[in-house]
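The structure under discussion appears below in the form of structure tokens.
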Amino acid sequence: MREASAHPLLRLLGGITVTAILGFLILPAFVVTLAAFNGKAILSFPPETWSWRWFIKAIAYQDFQAGLHNGLIVTGWASSIALVVGAAFALALDRYRFCFKRMLELALLSPLVIPHFTIGLGFLILAAQLAFARGYAVIVACHIVLVLPFVLRSVYISLRNLDPRLELAAASLGAPPHRVLTSITLPLLVPGLVSGWLFAAILSFNEFTASLFVTAQRTQTLPVAMYNYVREFADPSMAAISVIYIAGTAMLLIFANAFLGLGKVLNVEHSR
Amino acid sequence: MLSIPAEGAAYSSAAGVTSRGVAEPTAVTLDRVTKRFGELTAIDQISLAVRRGELMTLLGPSGCGKTTLLNLVAGFLLPESGEIAIDGRQVTNIPTYRREIGIMFQNYALFPHMNVAENVGYGLRMRRLPKPEIARRVADALALVKLEGVNDRKPRQLSGGQQQRVALARALIIRPKVLLLDEPFSALDRNLRAAMQVELKDIQRKLGVTTIFVTHDQGEALSLSDRIAVIAEGRIRQLGAPGEIYRRPADRFVASFIGDVNVLSARLKRNDGPTATVAVGGARVLVPAGPLKAVEPGGTVDLFLRPEDLRIGREGDAIAAHGNVAAQIYQGGHVDLYVEVPQAASGRVLLRLPTQEATAFSSAGTGIAIAFAVADAVAFPKATAG
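Chains B and X supply the protein sequences, listed in that same order. Going by this note's numbering, the first sequence opens with residue 1111, and the numbers climb by one from there. Going by this note's numbering, the second sequence opens with residue 552, and the numbers climb by one from there.
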């Protein structure tokens, strides 16, 4: 590594810029966090008096409890199914040549460019047409479509980093294809699979736009419940639930980091 | 005990059975095998018989098809046409995992999520052997490659040489019908490489395991092989023992690819019978007549001589050429002497002399006479490519 011998003033400017960018990223979360501790029943910044009571109210609020429960059900199913489907597609795309391969790839990644609004609306119309009740199945299906591209990318990158000679060596040692898959390929893909699942879960749990269309009062997920709350009330329990949200997600990532290393989970370093 | 049982004897060879009822000693047979990648013909109608217990080297420049050939034997690739047999059994359409081959890759391809013992025992687990037997054979295999006390380490915690030993033990533990080595030494540093080569050869001979060894390093090929197949452009250019390949190259390509060589312009003196006589200056040398059939006596041919085939001419010697020393390179045990000679194709020849002999000619510009140190060599018709 060569040390860049920049002018001290330039270095100072660089430091300020980086700090400003980081500050800008954290600023909304910071404001909301402080607002959550407001003693008064208004969303203001900075608060004049301090209190925990909005946290207690948020946790006790029926709709938030139901929303969390629904959200976990939807997220659990959607991200797990997306993982299996996405991993299978990633394997097929990486290993086999077939017609319409390019088209399949584009179709699988298309939810990245189609607005969530459109996808939600589409599922709503479809469900109405097929006379489906607005139950969990529709929400889960909708979320699978939304998170599939992320699972696919994550597993695909891990597969690319996998040395094909490992599988050839296993085959030479007498392992038939299915045992190569279970004893070599899948264990080495674990970081990619975990990262794919984690991304899918976080995205699904936070998804609002499409969920607004496909959820009903009975099945609303937490972001939808929060939206409905803020339409009627404007007290700091909104901020409090946001802080809980942030803390929960951060804890999940810390957990993943402790077991797998964040670099691996985010797929920014080689899985080998 | 890690020994290769003579179970191959139970198969009757594709080529037939000898009078004693023992299969012919052919471990791997390739019969007019062709492999194409799109427009490119990587392997062009190659036929090759590897004898049981032999170490056969596939030698050639990169891109010549030698690795493709290895992959065909392993079953990683399927040929467009031709047949492959291992131990007399047709395997052309049999998948890798039922071919009973051992392979060692250039990067060893150790399973990173398994420790050393699990890596080595993998092939036996796939064969569903009882645990105690696996443990016993893993210990034996690791002892064979002189690697003990690292059973619980992960591959990344091992040095390059240790990783290679693990890879070798893993390949040998299944008692393969043939061991395939794909440039196994190129990742090792020079000193370790020499040591590992000796050890590999030792183990190979001890077990008598048929081995196909792919390399582009001609020194490695000469020192390790029982026989060498020199491959270029998807064809075998010459097949023979290292000495044969070195002393009697079949064509210009083999002559220039294996070892250092001096190309001298020579006159064809006599060309009758199996040997011909060619002359450079006052010195004469015998060469095989085969490649020179089309050349009339008195015509010019290219004479190929190894650096050690030349010496400094003294009084009374038949002198081939005179020249001035261009450079002298000290190599420890010997000295490489470059001499400018008009008859040489490259303008200079290389002499490899014992250090004491060379010291008298240390300074550049010294004029010397060059004589032949051998009575025979090889010659080919004047430079048409090939």
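Ideal Cβ placement from N, Cα and C applies to all residues, glycine included.
| Query | Result |
| --- | --- |
| Contacts of Ser1305 (chain B) in chain X (Cβ-Cβ under 9 Å) | Those do not exist, as Ser1305 (chain B) stays about 17 Å from chain X at its closest Cβ, beyond 9 Å. |
| Coarse secondary structure for Ile1126 (chain B), derived from DSSP in three states | helix |
| Phe1174 (chain B) beta carbon less than 9 Å from that of Leu1362 (chain B) | no |
| Gly549 (chain X) classed as buried or exposed, judged by whether at least 16 other C-beta atoms fall within 10 angstroms | An answer regarding residue 549 (chain X) cannot be provided, because it is not within the stretch 552 to 937 covered by chain X. |
| is_contact[Leu1152 (chain B), chain X] using C-beta, thresh 9 Å | It is worth fixing the name first, because residue 1152 (chain B) is Ile in this sequence and not Leu. For Ile1152 (chain B), the answer is no, since every Cβ of chain X falls outside 9 Å of its Cβ. |
| For Leu730 (chain X) and Val760 (chain X), believed in contact at Cβ under 8 Å, the rounded distance | 5 Å |
| Own chain, CB closer than 7 Å to Ser1189 (chain B), minus 5 neighbours either side, in chain order | Val1257, Trp1307, Ala1310, Ala1311 and Ser1314 |
| Proximal residues of chain X, C-beta to C-beta of Ser1282 (chain B) below 7 Å | Ala625, Thr647, Ile652, Gly653 and Ile654 |
| Straight-line Cα distance separating Phe1165 (chain B) from Asn1338 (chain B) | 18 Å |
| C-beta neighbour in chain X for Asp1273 (chain B), strict 9 Å | yes |
| Between the CA atoms of Ser1352 (chain B) and Leu698 (chain X) - distance to the nearest angstrom | 57 Å |
| For Met1213 (chain B), the three-state DSSP class (helix, strand or coil) | helix |
| Exposure of Thr618 (chain X), with buried meaning 16 or more beta-carbon neighbours within 10 Å | buried |
| Per DSSP, cross-strand counterpart(s) of Ser816 (chain X) | X:Asp853 |
| Start-end ranges of the beta strand (DSSP E) lying completely within the segment 629-654 of chain X, minimum 3 residues | 632-637 |
| Cβ pair count under 8 Å reaching 3, the segment 1318-1328 of chain B against the segment 1203-1214 of chain B | no |
| Closer than 9 Å at the beta carbon, the chain X residues around Pro1297 (chain B) | Phe662, His664 and Met665 |
| Chain-order list of residues whose beta-carbon lies under 6 Å from that of Val1250 (chain B) (same chain, five-residue window excluded) | Val1184, Trp1187 and Ala1188 |
| Sheet register partners of Trp1160 (chain B) (DSSP bridge) | B:Asn1148 |
| Buried/exposed call for Val812 (chain X), threshold 16 Cβ in 10 Å | buried |
| Inter-residue spacing [alpha-carbon to alpha-carbon] between Asp897 (chain X) and Ala834 (chain X) | Note on identity: in this sequence residue 897 (chain X) is Ser, with Asp being the wrong assignment. If I take the Cα positions, the gap works out to 20 Å. |
| Spatial neighbours of Asp802 (chain X) in its chain, beta-carbon cut-off 8 Å, leaving aside the 5 residues before and after | Arg788, Gln789, Pro842, Phe931 and Gly937 |
| Spatially closest choice to Tyr889 (chain X) from X:Gly864, X:Ala911, X:Ala915 and X:Arg865, by CA coordinates | X:Ala915 |
| Candidates X:Ile754, X:Ser737, X:Asn658 and X:Arg678, of which the one nearest Ala718 (chain X) by Cα | X:Asn658 |
| N- and C-terminal bounds of the alpha helix (DSSP H) containing His1253 (chain B) | Tyr1246 to Arg1270 |
| Own chain partners of Tyr1246 (chain B) with C-beta closer than 7 Å, once the 5 adjacent residues on each side are dropped | Ile1183, Val1184 and Thr1329 |
| Selected residue, minimal CA-CA separation from Glu1277 (chain B), among B:Arg1263, B:Thr1292, B:Ala1349 and B:Ser1321 | B:Thr1292 |
| Validate contact between the segment 681-691 of chain X and the segment 757-776 of chain X using beta carbons, cut 8 Å, 3 pairs | no |
| Within chain B, the residues that Met677 (chain X) reaches when beta carbons sit closer than 9 Å | Ala1280, Leu1283, Gly1284, Ala1285, Pro1286, Arg1289 and Ser1293 |
| Contacts around Asp777 (chain X), its chain only, beta-carbon distance under 6 Å, and the 5 residues preceding and following it disregarded | Glu605 and Leu606 |
| DSSP three-state assignment for Glu891 (chain X), whether helix, strand or coil | strand |
| Per-residue DSSP class, three states only, for Ala692 (chain X) | helix |
| C-alpha distance - Asn1415 (chain B) paired with Val1304 (chain B), whole-angstrom precision | The requested residue 1415 (chain B) does not occur in the structure, where chain B is confined to residues 1111 to 1382. |
| Contact set for Gly918 (chain X): own chain, Cβ-Cβ below 6 Å, skip 5 residues either direction | Asn875 |
| Where Met1348 (chain B) falls: helix, strand or coil (DSSP) | helix |
| Delimiting residues of the alpha helix (DSSP H) encompassing Leu1182 (chain B) | Gln1172 to Arg1205 |
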